[in-house]
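In the numbering used here, the protein residues as written are 11 to 104.
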């Protein structure tokens, strides 16, 4: 007896749940690691100075923990965009 194939429709609730859980775990992991880095006092300082046509650009580093926490927030913020693209790809119901 052949096993049934498993296909997840783009507009299914299971797919939305899987994506939401994946984003939550990923962003939660980034936030937790960022918290641990900040708490441990990790620092990696660097500075870039660039001059172009009379303009001077001065870039300096932020705390690695804060940077990782910002990445976690950016990942979590991207979740609605994923759902919007899923709605555009889903077959239209008549």
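Even glycine gets a Cβ: it sits at the ideal position worked out from N, Cα and C.
Note that the structure is predicted; figures quoted are calculated from it, not measured.
Quiz item: Between which two residues does the beta strand (DSSP E) harbouring residue 58 extend?
Solution: 57-62
- Does the segment 78-86 come close enough to the segment 35-46 to have 3 or more Cβ pairs within less than 8 Å? The segment 78-86 vs the segment 35-46: in contact.
**OP:** Tell me, please, whether the segment 21-32 touches the segment 42-54 by the rule of three or more beta-carbon pairs shorter than 8 Å.
**Re:** no
At what residues does the alpha helix (DSSP H) containing residue 80 begin and finish?
-> That run of the alpha helix (DSSP H) goes 74-87.
Report the rounded CA-to-CA distance for residue 57 versus residue 76, giving the unit in angstroms. Computed Cα separation, rounded: 17 Å.
Notebook entry, point to check: Can you list, in chain order, the residues of its chain whose CB lies under 7 Å from that of residue 41, leaving out five sequence neighbours each side?
Noted result: Non-local C-beta neighbours of residue 41 in its own chain, meaning closer than 7 Å and more than five positions away in sequence, comprise 79, 82, ordered along the chain.
message = With distance defined between alpha-carbon atoms, name the residue in 91, 95, 73 nearest to residue 43.
response = 73
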